[in-house]
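Engineer:
Number of protein chains: 2
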Amino acid sequence: MRFNEKLTDASKKNESLLCIGLDPDLEKIPSFLRNADDPIFEFNKRIIDSTKDLVIAYKPNLAFYEALGLHGLKSLAKTIRYVPSDIPIIADAKRGDVEHSAKAYAKAIFDVLNFDAVTVNPYMGGDSVKPFLDYAEKGVFILCRTSNQGSKNFQDLCCSSEKRLYEIVAEHVVGWNVNKNCGLVVGATYPEELKKIRDMVGEDMPILIPGVGAQAGDLEKAIKFGTNSSGDMAIISASRVILYAGNEKDFDKKARMVANYIREDINQFR
Amino acid sequence: MRFNEKLTDASKKNESLLCIGLDPDLEKIPSFLRNADDPIFEFNKRIIDSTKDLVIAYKPNLAFYEALGLHGLKSLAKTIRYVPSDIPIIADAKRGDVEHSAKAYAKAIFDVLNFDAVTVNPYMGGDSVKPFLDYAEKGVFILCRTSNQGSKNFQDLCCSSEKRLYEIVAEHVVGWNVNKNCGLVVGATYPEELKKIRDMVGEDMPILIPGVGAQAGDLEKAIKFGTNSSGDMAIISASRVILYAGNEKDFDKKARMVANYIREDINQFR
Chain A
83 MRFNEKLTDA SKKNESLLCI GLDPDLEKIP SFLRNADDPI FEFNKRIIDS TKDLVIAYKP
143 NLAFYEALGL HGLKSLAKTI RYVPSDIPII ADAKRGDVEH SAKAYAKAIF DVLNFDAVTV
203 NPYMGGDSVK PFLDYAEKGV FILCRTSNQG SKNFQDLCCS SEKRLYEIVA EHVVGWNVNK
263 NCGLVVGATY PEELKKIRDM VGEDMPILIP GVGAQAGDLE KAIKFGTNSS GDMAIISASR
323 VILYAGNEKD FDKKARMVAN YIREDINQFR
Chain P
83 MRFNEKLTDA SKKNESLLCI GLDPDLEKIP SFLRNADDPI FEFNKRIIDS TKDLVIAYKP
143 NLAFYEALGL HGLKSLAKTI RYVPSDIPII ADAKRGDVEH SAKAYAKAIF DVLNFDAVTV
203 NPYMGGDSVK PFLDYAEKGV FILCRTSNQG SKNFQDLCCS SEKRLYEIVA EHVVGWNVNK
263 NCGLVVGATY PEELKKIRDM VGEDMPILIP GVGAQAGDLE KAIKFGTNSS GDMAIISASR
323 VILYAGNEKD FDKKARMVAN YIREDINQFR
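Protein sequence lines correspond, in order, to chains A and P. Just so you know, we're using the numbering used here here: the first sequence kicks off at 83 and counts up by one. Just so you know, we're using the numbering used here here: the second sequence kicks off at 83 and counts up by one.
So this is what it looks like as structure tokens:
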């Protein structure tokens, strides 16, 4: 099944555009979990158990697993296997390299780890992204206008023909989308840009929108500008605000409560 | 010891600017190694044994290890420990993410894997690079003008004030260099750009220059334009042309032969 289909099915089934970023931090997870055999997997497992009927996707950021060495990568592999097979899993990896290295990254993420989609960095250009796009069944979200402050350093530069770099990136991505498996990453913190980009890419391209939780983007505008005319094809990602809603035995219930609250908030604006 | 010092010491000791990219590919390594307990480590070990007096640095590209799953990452960790302590090891990782994720990547690369330096992607801006720069003893090579064809898609765009994106990146990096631990990545395939960038960044910033081997950049110009006025502070990286110079029992001798040939070629142009 192609990624966009899987995404649409999960979105319909769970009536949701909410994606939970599975970015576990050993210093922030509830202390009672720290003595578990695999605290990170145990934490993720409970988050997944308590939210799997509320989400359009899960999105582990590889940084948090790599920071824990081989143990972390084992927890990641177990987490991926644990997610129900009808919910898409996006590798937030932001990879990008020359072609033969990008091929190896694509292999790592799609064949070895078995993710459904990945985030990639466009700075190195089309040939660095193509090895990911060649996996026609998988989704590839290209960084466009990211949610952080520093994104203005380069992404917002006014380039030739009066367009900003992130717009030129979005234009290229439209051209790269021959397998219909491209997506874009645009932060909720930049709603005007989001509007411009949705207009540019049309109805069918999914936009991954981080920055609504801890980074405090404007949810209403993110939904209004980020979705297509049917109120679909936007993936609203939140992480810390859900994962660390509680830090006692009932952290999973609190996570569910916050997740559902954001999910309903999103739905009222669709 | 700070990275630039370690780099300079290794360069002097081995009279070399040659960096070997340790990018092992199970399909390309000599077949007799495939039955070893850890073929990748065995391959790297022999390459290191036969070249450690010829190099300024080693540079494993993480993609090739990640593509082999946990086994690959174990081979990587063993490889890092095996490199003599006076030779710098650069993680070719091309990471880049929002600040709290970038912190986790920096931890993975510097604290967990114990690399001396890393390559990072500037697209997300200053706050995405800072967590790496905060490790003042470590080197941080920021992608500027990469060696691949696709680099022209964005890096070569003419941005405001008539400068190209890669030039604006280089300018920012000069500003970010408060800990004197920044470097840049500029492909040997773009010698004119290399000249411009060396002029911009001054004498003390190391430039990592891939693209002289399989990618066929112009070595003479790369040295002339990439080094500082003393013929130093350039790191000329080659990988496949050395690693796969032979594929029989004597592959390590052939690798040494090619490595030394390139090293001497480089030295005659310094």
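All C-beta atoms in this analysis are idealised placements derived from N, C-alpha and C, irrespective of residue type, glycine included. This structure is a prediction, so every number in the text was calculated from the model and none was measured.
According to DSSP, is residue 197 of chain P helix, strand or coil?
Structural biologist: Reduced to three states, the DSSP call for residue 197 of chain P is coil.
Engineer: Is DSSP giving residue 211 of chain P helix, strand or coil here?
Structural biologist: In the structure shown, residue 211 of chain P sits in a helix (DSSP, three-state: H, G or I).
Engineer: Measure from the C-beta of residue 149 of chain P to each C-beta in chain A and report whether the shortest distance is under 8 Å.
Structural biologist: Chain A contact via Cβ: present.
Engineer: Per DSSP, residue 264 of chain A forms a beta bridge with which residues?
Structural biologist: According to DSSP, residue 264 of chain A bridges with A:222.
Engineer: Taking the straight line between their C-alpha atoms, what separation do you get for residue 251 of chain A and residue 172 of chain A?
Structural biologist: Roughly 21 Å separates the two Cα atoms.
Engineer: Any idea which residues DSSP pairs residue 143 of chain P with across the strands?
Structural biologist: Partner(s): P:174.
Engineer: Closest to residue 228 of chain A by CA distance: which of A:211, A:256 and A:275 is it?
Structural biologist: The shortest C-alpha separation from residue 228 of chain A is found at A:275.
Engineer: Counting only C-beta atoms, is residue 247 of chain A closer than 8 Å to chain P at any point?
Structural biologist: Yes, because at least one Cβ of chain P sits closer than 8 Å to the Cβ of residue 247 of chain A.
Engineer: Name the one or two DSSP bridge partners that residue 202 of chain A has.
Structural biologist: In DSSP, residue 202 of chain A forms a bridge with A:177 and A:224.
Engineer: What's the gap between the Cα of residue 262 of chain P and the Cα of residue 142 of chain P?
Structural biologist: C-alpha separation (whole angstroms): 23 Å.
Engineer: Along chain P, in chain order, which residues have C-beta atoms closer than 9 Å to that of residue 181 of chain A?
Structural biologist: What residue 181 of chain A touches in chain P: 230, 231 and 232.
Engineer: Given a cut-off of 8 Å, decide if residue 176 of chain A and residue 207 of chain P are closer than it, judged by their beta-carbon atoms.
Structural biologist: No, the pair does not count as a contact, with Cβ atoms beyond the cut-off.
Engineer: Confirm, please, whether the CB-CB distance from residue 345 of chain A to residue 136 of chain A is below 8 Å.
Structural biologist: Yes. Within cutoff.
Engineer: If I'm right that residue 191 of chain A touches residue 204 of chain A with Cβ under 8 Å, what's the distance once you round it to whole angstroms?
Structural biologist: About 17 Å; that fails the 8 Å criterion.
Engineer: Look up residue 246 of chain A in the DSSP assignment and say whether it is helix, strand or coil.
Structural biologist: The answer is strand: DSSP assigns residue 246 of chain A an E or B state.
Engineer: Can you have a look at residue 280 of chain P and say buried or exposed, based on whether 16 or more other CB atoms are within 10 angstroms of its CB?
Structural biologist: Burial call: buried.
Engineer: Specify the secondary structure class of residue 191 of chain A as computed by DSSP and reduced to three states.
Structural biologist: Residue 191 of chain A falls in the helix class under three-state DSSP.
Engineer: At the 8 Å Cβ level, is residue 204 of chain P part of the contact set with chain A, yes or no?
Structural biologist: Output row for residue 204 of chain P: interface = yes.
Engineer: Identify the continuous beta strand (DSSP E) that holds residue 348 of chain A and give its terminal residues.
Structural biologist: From DSSP, residue 348 of chain A is part of no beta strand (DSSP E) but of the alpha helix (DSSP H) over 333-351.
Engineer: Under 8 Å between C-beta atoms, does residue 254 of chain P make it to chain A?
Structural biologist: Closer than 8 Å: yes.
Engineer: Report the CB separation of residue 184 of chain A from residue 138 of chain A in whole angstroms; it is logged as a contact under 8 Å.
Structural biologist: About 27 Å separates the two Cβ atoms, so there is no contact after all.
Engineer: Applying the criterion that 16 or more other CB atoms from any shown protein chain within 10 Å of the CB defines a buried residue, is residue 333 of chain P buried or exposed?
Structural biologist: Buried, since its Cβ has 16 or more Cβ neighbours within 10 Å.
Engineer: Within the chosen definition, does the region 111-124 of chain A reach the region 151-167 of chain A through at least 3 CB pairs nearer than 8 Å?
Structural biologist: Touching, per the Cβ criterion.
Engineer: What residues in the region 102-123 of chain P bring their beta carbon closer than 9 Å to a beta carbon of chain A?
Structural biologist: Hits within the stretch, in order: 105 and 107.
Engineer: What are the residues that DSSP puts in a beta bridge with residue 100 of chain P?
Structural biologist: According to DSSP, residue 100 of chain P bridges with P:318.
Engineer: Which of the three DSSP states, helix, strand or coil, is assigned to residue 290 of chain P?
Structural biologist: It is a strand residue.
Engineer: Could you tell me the alpha carbon to alpha carbon distance between residue 210 of chain A and residue 268 of chain A, rounded to whole angstroms?
Structural biologist: Each residue's alpha carbon lies about 20 Å from the other.
Engineer: Within its chain, find whatever has a CB closer than 8 Å to the CB of residue 108 of chain A; leave out the 5 residues flanking it on each side and keep chain order.
Structural biologist: Result list for residue 108 of chain A: 116, 121, 122 and 150, in chain order.
Engineer: When burial is assigned at 16 or more other CB atoms within 10 Å of the CB, is residue 311 of chain P buried or exposed?
Structural biologist: With fewer than 16 Cβ atoms within 10 Å of its Cβ, residue 311 of chain P is classed as exposed.
Engineer: Locate the alpha helix (DSSP H) running through residue 307 of chain P, then write down its first and last residues.
Structural biologist: Counting along the chain, the alpha helix (DSSP H) containing residue 307 of chain P begins and ends at 301-308.
Engineer: Chain D partners of residue 209 of chain P, CB-CB under 9 Å?
Structural biologist: Looking at the structure shown, chain D is missing, and the protein chains on hand are A and P.
Engineer: Is the CB-CB distance between residue 158 of chain P and residue 239 of chain A below 8 Å?
Structural biologist: Taking 8 Å as the Cβ cut-off, residue 158 of chain P and residue 239 of chain A do not qualify as a contacting pair.
Engineer: Taking C-beta to C-beta, are residue 195 of chain P and residue 140 of chain P nearer than 8 Å?
Structural biologist: Cβ atoms of residue 195 of chain P and residue 140 of chain P: not closer than 8 Å.
Engineer: For residue 237 of chain A, collect the residues of the same chain with a Cβ closer than 6 Å to its Cβ; drop the 5 residues on either side in sequence, then sort them by chain order.
Structural biologist: Correct list, in chain order: 227, 247 and 248.
Engineer: Would the beta-carbon of residue 348 of chain P fall within 8 Å of that of residue 100 of chain P?
Structural biologist: Contact flag set, yes.
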